[in-house]
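Note sheet for the following structure.
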Amino acid sequence: MISDELYCKGARVWIPDPHDVWIGATLLEDWKPGQTTLSLETEESLQERVVKVPSKDKLPPLRNPDILIGENDLTSMSYLNEPEVLYNLQVRFADRNCIYTYCGIVLVAINPYDDLPIYGNEIVQAYNGQDSNNLDPHIYAVAEEAFKQMSRFEQNQSIIVSGESGAGKTVSAKYAMRYFAIVGGSSHDETQVEKKVLASNPIMEAIGNAKTTRNDNSSRFGKYIEIDFKKDLKIIGAQMRTYLLEKSRVVFQAADERNYHIFYQLCASRDCEELSQLQLSEPEDFIYLNHGECTEIDSVDDAKEFGSTKSALEILGINESTQLDIFKIFAAVLHLGNVALTERSGDASKIPSDSAWCEQDDVGLKAFCSLLCIDEEQTNRWLCNRQIQTVGETLTKPLTVAQASFSRDALAKHIYAATFQYIVKQINKSLICKEKSNSFIGVLDIYGFETFEINSFEQFCINYANEKLQQQFNLHVFKLEQEEYVKEQIEWSMIDFYDNQPCIDLIEAKLGILDLLDEECKVPNGSDGNWCTKMYDRLSKQKHFQKPKTSRTAFIIDHFADRVQYETEGFLDKNRDAVLETQMKVLGASKIKLVSDLFADGAEGEPPAAGAAGKKKSAVGKVQVRPGQKQPTGGSKASKQTVGSQFRGSLTSLMTTLFSTTPHYVRCIKPNDEKAAFTFDAKRAVQQLRACGVLETIRISAAGYPSRWTYPEFYQRYRVLCKQKKIKRNNHRQTCEMVLDGLINDPDKYQFGKTKIFFRAGQVAYMEKLRNDKLQACGIMIQKHVKGWIHKKKYMAIRKSTTLLQTFARGYLARKKAQFLRETRAAINIQRVFRGFSCRKIYNRQLRAVVLIQSLARGTLARRRYQVLLRDVKATVIQKQVRCWLEVKRYRRVVRGIVLIQSHYRRRKARRLFKILKIEAKSVDHIKKVNMGLENKIIELQQKIEEMKKNKKDFDNDRVKLVNLQKDLEKLRGSEEGLKVASNKITDLEETIARLTAELAQEREEKQDLISEKSLLQSTSQEKQHELEDANLAQAEQISRLEQEMAEMKSKMQAEMNLRLDQERKQVIQEMSVEREHHQRLVKEHGRLQQRMENLLEERDSKMSSGHRRHPSDVSSVSIDSSVPDSGINFPDDGRQNAESDYDSLRRPKKFQSPLAIKESDQQQGNAPDLSKDQPRLAVESDRKDEEKSDEPKRRDETQPAKEMGGEGDQQADEKETIADDNETVSGDPAPEEPKPAPMDIGMMLKLQNRIRDLEKERSHMLKEKENIEKRARSESQYSASRSGNYHIAVDSQKLTELEMENIRLKESLERLQKAVAIGEGGNGEISNQFAALNDELARRREECIQLKSVLASRAKDAIETAKQNYGGHAEILNEDGELASAYQTLKDVNKMLEKQMEQESATYRKKEAELRAQIEDLKLENDRQQDLIGQLNKVASIQEALVSAASAESADPQNLSMSPEQAMQNALQFEIQRLMSENLDLREKCDHLEEKVRKLKKAVKIYANRLKESGVAGDDSKEKHEDEAEDEEEVEMGGTIRQQPTKQYMGMLEYKKEEEATLIRHIITDLKPRVAITLIPTLPAYALFMCLRHTDYLNEDARCKSLLTNVINGIKKVSKPLPHKSQQDDIECLILWLSNTCRFLHLLKQYSGEKAFQMENTEMQNSHSLRNFDLSEYRAILNDLAVWLYQGLIKSAKELVHPLIVGAMLEYEGIQGLSSKPSLSRQRSSSILDVSNTSPTPEQTFENLVKLLSSWVNLMRTHGFDTPVVNQFFKQIFYFIVAHATNNLLLRKDMCNWSKGMQVRYNLSNLEQWLRDNRLHECGAVEVMEPLIQASQLLQARKMVEDVDSICEMCGQLSVAQIIKILNLYTPVDEYEERVPISFIRKIQHTLKEKRKAETSAGSQALLIDTKHFFSVTFPYCPSSIGLESIDIPSVLKLGFLVKI
């Protein structure tokens, strides 16, 4: 109902046009009621026309105002008519490239025929969870609407996608399913189920889509896919139903069309090896593929598409064998089409001559039978004959060529249809889930209404289905329209809409078209003509049925969309779908299981709609649609369900499903038939709009109240039409009622609802006209006053300018005269100054010349005098040097002569000595010494040789194992590494096979493929294993050959090695004699000190008996340079000034007591034990303890006398208590003040530690060199080690007992000496001197040991060099050839001869022999003793390893069982070093404990003194003063912080026990709340944890350090994880707390790491607190990763909090009052939008909430001590997300793209910029990331003219080309006075931007939305702390009272 006032002069209307359907025109006159003509002018051609108007209802449709053009929703327009709908779609599609438009609940999708960047994941995320009414129309919006309704109301949903071929139905359905796969998956990427759902698309396109004249990928079947969801909205499965496959396309295609894609894909991929057996060739060679004479599609690669199809089949679980069977069936269909059927030639037989005949050697037939594995003869027979069953017999009737061809084609269609249904069934089997689904969303992709020149049975079924869908659509639209009126409680009348139920009844009712068709199919001789005649007779009275005037084989049906004429030819055959039963039996007998299953009895008729694995409960019945079933023979009464009946049942089931769900509609439109991109053909479009129901939706909407405004929106826009006194700002509804009462007189044209005003069609346009008139009148009034003011202002400006001009002219003349006078005076002054300057310049030049000449002359004279003096001095020096040189030369000549004489004399003396020694060596005594004990050894050797012969067979069997142990030989190393790599590969392959086997058990469909793969892998691995075994055999042969060569080399080296060993043995004996003398001197010195100690003990006893007294101590207990009080002992300084201050250096384990004390005690008591047999066991014990030292914890045993260093603390405590008791028992008068004690150092001990470290490094280096020698010697050493092991164990047990007893005695002696030193008064100096002498002697012995080491090392090196020169580097084979055994045998014979001589001289010889034996025993004892003592040194790698290898070589020879003298000497030296180190460590520790005890006693004395003062007893003031001074001088141990009394200074550590670690983590991390942490020092937990970590470093406890760090990291991770019961704000507070503490902990680890790079800003105290023992760089990396994880979690939580506020705060909030933007006119499309009007905040509140939220975060971060760089990075990321989300929303909302909204957005951004400046965050980079939104708002405000193109391109540098074009396309004027953006301007902008941004990548230039998932890289710059650790105290609120501050 439109007002007559709107048809006035200048009004714009639409008139029909034969070419463009509708064109715009402008009225040239006003229309009056009763007028029958109307003059108007067309807009484009400006032609005047006269239109007839027979009645008011026939007036031309009015055009909407420009403000409504391009709306997202067609129903929001004021005038709802066909031309407006068509024009609006054309503007959006052709001009703005918008392919989606809403029409109420329908989404109209126009096929662009181009790829658009609007389907990426970022678009999915932009629509996910959003209100689709606020965003641009999109297929994702419809999918989101369905997903939202399903999730909120738990109702099943359906998306119905319809349209004609080529409109884009398949693509739309595919993107809808992709949306569900992404939002319904476990992540943004598709999971396995979603991948399977998407993988069904390429399969169904390959077997169900084909090229038609209208579409290159047209779906030739309908499908309905149900996607099942769980309760948590995750996809669990899907199922598919298919409808009416176009089987006729298999055997025939129209011109320029193709068969199904799968055939062409197989032909294109025929060269593949797997398809070679299909016997395929070019598509032109197959009759079924070249009917349309089109075998290729532009820009489509069939071979590539075939690969996609195969991949999709694999994803869906169809294995390769099944795939091959399917491809064989498809190939067989092609070969069946090539079977040639000809007429049989005439002969005398009874067979008719016109019967069909097929040659036996037909290529197509052979290929068809071979592919399907069926009998060729039977196939040939039943292709040309058919079987007829009568009552008594079965007849065979030949077929004509036409009948046989029809039968062949029917068979081909049936085979393809059955295979199609099988694939659908397999897809459903893969997609179906056994778990019960909570709800589902169905996507219906079905053909739209079709009408061609010749319409057949397929078009009839398609249009029948569209009639049913249109009926459902009309009912749903009507229902929603009425529900809206009821919801708003307005008066309404029943809306009349088109009901197509009569047309549906015509088709499906009783005795309808389908019933008549089925009835005719049952008649034996039924034909299409008879059926058509029956329809003429029975249906001619139906309204929607008509008979054509010119044809008797066709009929016409009036569908809702158009009138369609159907040709009846072929209807009956297609409805029957007949296939011969005999042909089915031949196929059922196939050897291929798939083929036999498809065509067996009862299995060949798979219903099309039953492709789904199971039906929903909502489906009615189980309709068995069985296309292509067996054709009953001619006399059989058997019948089957026809195709029409099947389709009707399937359609009924589908409609039942749709009615049980909430439908959503997508109508796809094909814009043109040329497939041109963004080309709009109005004729084609309007046909489809009429057919798809869009115009029906418009008609229903127009019949009611199409325009709907909320009260605030109407008030804001039309309040200008109301007077000021009638406006009530607090009651918008009342104001709206006042406005409408005065403007619209007819109350039927609007209705007031609860929240909206409803208008009839045209009323909004009328309101806009009134508003524009009002604004125009106001504009004229404003212009009048403004123009008057401008002219007045212009006049006043002219008058003022004239007066001002006169003033300036007069002033100019006066200034010009004054300027002349000034210039004249200035010229005179310049002349005067210049003349004076010239004169002065000449005078100064002359003066400088004179002075220069004088200086040069004087300088020359002075230099001459200097040269004379210099020559005299140099001459004197030369004479002195020459004379000195002559004297030195003469002296050196004299000295050289003297040295020469001495060398001659010494050489002669050495030769005499050598001769003497040579004679002695040949004497009988010497031979006896050498041969002593050899007899027994030779006997043992013989026994061993016999045992070896017995075990020879065993060794031969173990030869293979020995070969494997010697694979590290030089030439075989490469082969061994290759073997290891191959072995690893075999292991990996076996693991892979095991994993695949497990997967096979779960997925049985892939079993055959995986088993074949496993067998292939096993065969490959076995081949590789055989190759490796062959290589091993070859290597074994090489090893045996090398062993023979080694045996020969050993025999050669043995003799030479024996000689060298004898010489070295003599030399070592001589050196041992020197060492013995030094040892005796030490024994004497020890005896003297022992005597002195006994004297001191006697003096102490005598003093103790005289009385009791206390000795106050004035010695610091922690000073490094202090000594034992009251003793006066001065310990020597052994270079301790250079000792390291590492506090862990004193914690090394002590393995032995002082060996020197053991020796001295043995010498005094005269019982030197026999230690010769204990050396091997002690050496083994040393190695064993060294290995266990790093693994076993330090043990503390108070009662064990000989214990490890870890237990020395208890021993020292016992010694402290003993000394304290001794001090308390001392009596006497108070001792006078003692002088300051002499300093005592620990340098010697630290030097020894340094030396040990160096030796350890040498050992690690030498171990690498030793590996090759050990590998060669391992086999020989194993045997000897097993022989000698039992012997060593027996001796070691006895020796260990003796050593423990000696250690106990030594400790008792040491305790007595300490007591004597502690209480002794006299003789302290003598003891100190003796102790210093001992230390000097030890130093000298140490130097001698070092020299001996160098000698032994050189000799060992010489031996190795000899072995290298003569035996190829194998020193262990010197005696392998048995030469030493023969030498021993010879010596044994000589020995027997000498024994006979000795018996003759026994009387005189026995006495000498006894003396010699005594001397030898003494030497052996001494030698073995040294060996035993030195053998305990560990970690001396380089020398020890060389000696061990030599010892192994000697022990391999049974004839050499004694240890060499060189090794014994070396062991003695090593043990001596260990003994010195142990002594120094013991003394240092005992001294520390004594000092600690003294400090405790001093404190006790002070307490007693204070008590005495309180009681009135006077004390010694001087003594107290001295004690106070001593206490003030106390210091902490090395590396600690100095503490002075009374002010305490701490070391910055917190001590805790191991069992308290869990409590520490719980209180300081798990239970710490952010609100409690705010009250503490920022990052206090980090400081406390680091102080605890420093304590573990101080104790050098690696395990505790690792445990603490691990628990800290795990605790932070645990407490930072979001929990369901915690709010998002609590999560953010927790994350901020622990991110700040993690960063501070990381900075502390760097600051106190000891690295110079991090100590630049530290104080001296902070540097002293650095970590000493642990390198925690790896944990720093872990903590950095933890900080990144916390930062990302913080960003994620912050995004979730800020996300709901962005749109309201940044886009909808209007901070500038008076700037009203255009309200959204789109209607609520569904009921999924919840009514939150009463609870949701206003945009103003949203902006305030956003600012408050950001302010709370920045305050919280600064409160917790966040580093400024991290704060900046955080807000840069948050602002990036805000801007990205706001910009993306702006790009998807048309209502936001206008000038006023751009101004509001820019104002909101300026508020955020001001907030950044107020919070000192303007330099964090947040302003830069706001540039895209800033530029978008500027683009909305900028002038958009052609001359502004360059400036706009420069202004929008941060926006992509797609974003700029999108904003310009969305730009909509708010008022009439604003101009639209011209299309030419948009094209110009696009062209200019592409030229300027050529370097920009295509992906970047086409990106529409900003990636909201982008993360800036985060860094944590090093920020040292200025807080000292010693100043930190732990508050009681943390409940950490068990921590002790050190």
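One point on numbering: in numbering that gives the first Met the number 0, the residue at position 276 of the sequence shown is 275, and numbering is uninterrupted. In this text, a Cβ means the ideal position worked out from N, Cα and C, and glycines have one as well. Treat the numbers as computed from the prediction; the structure is a model and nothing was measured.
Thinking residue i and residue j are a contact (beta carbons under 8 Å), I'd like their distance in whole angstroms, please.
{"i": "Gly363", "j": "Val250", "result": "At roughly 14 Å, the Cβ-Cβ gap does not stay under 8 Å, so Gly363 and Val250 are not in contact."}
{"i": "Leu443", "j": "Gly236", "result": "With 8 Å as the limit, Leu443 and Gly236 do not qualify as a contact, their Cβ atoms being about 18 Å apart."}
{"i": "Val123", "j": "Val182", "result": "7 Å"}
{"i": "Val1876", "j": "Val1824", "result": "With a Cβ gap of about 27 Å, Val1876 and Val1824 do not count as contacting."}
{"i": "Leu58", "j": "Val52", "result": "6 Å"}
Hey, would you say residue i sits closer than 8 Å to residue j, going by beta carbons?
{"i": "Val338", "j": "Leu382", "result": "yes"}
{"i": "Val665", "j": "Val141", "result": "yes"}
{"i": "Phe1915", "j": "Cys1638", "result": "yes"}
{"i": "Glu295", "j": "Ala254", "result": "no"}
{"i": "His334", "j": "Phe367", "result": "yes"}
{"i": "Lys173", "j": "Asn200", "result": "yes"}
{"i": "Gln1830", "j": "Cys1851", "result": "yes"}
{"i": "Ile556", "j": "Cys520", "result": "no"}
Mark residue i as exposed unless 16 or more other C-beta atoms lie within 10 angstroms of its C-beta, in which case mark it buried.
{"i": "Asp72", "result": "buried"}
{"i": "Val1753", "result": "buried"}
{"i": "Tyr259", "result": "buried"}
{"i": "Glu566", "result": "buried"}
{"i": "Leu1924", "result": "buried"}
{"i": "Lys786", "result": "exposed"}
{"i": "Ala1857", "result": "buried"}
{"i": "Lys1065", "result": "exposed"}
{"i": "Gly511", "result": "buried"}
{"i": "Val719", "result": "exposed"}
{"i": "Ala355", "result": "buried"}
{"i": "Phe913", "result": "exposed"}
For residue i, tell me which candidate among the options has the shortest Cα-Cα distance.
{"i": "Asn120", "options": "Phe544, Cys520, Tyr178 and Ile158", "result": "Tyr178"}
{"i": "Gln762", "options": "Leu79, Tyr112 and Thr802", "result": "Leu79"}
{"i": "Gly9", "options": "Asp16, Glu42, Phe228 and Gln34", "result": "Glu42"}
{"i": "Ile668", "options": "Glu1673, Arg683, His1759 and Pro662", "result": "Arg683"}
{"i": "Leu26", "options": "Arg907, Ala1409, Val20 and Thr36", "result": "Thr36"}
Which same chain residues end up closer than 7 Å to residue i when comparing Cβ atoms and leaving out the 5 residues on each side of it in sequence?
{"i": "Lys1645", "result": "Phe1653, Arg1675 and Tyr1917"}
{"i": "Lys1861", "result": "Leu1786 and Leu1903"}
CB-CB under 6 Å to residue i, same chain, minus the five flanking residues each way: which ones, in chain order?
{"i": "Gln688", "result": "For clarity, residue 688 is Leu in the given sequence; the question names Gln instead. Excluding residues within five positions, the ones whose Cβ falls inside 6 Å are Leu694."}
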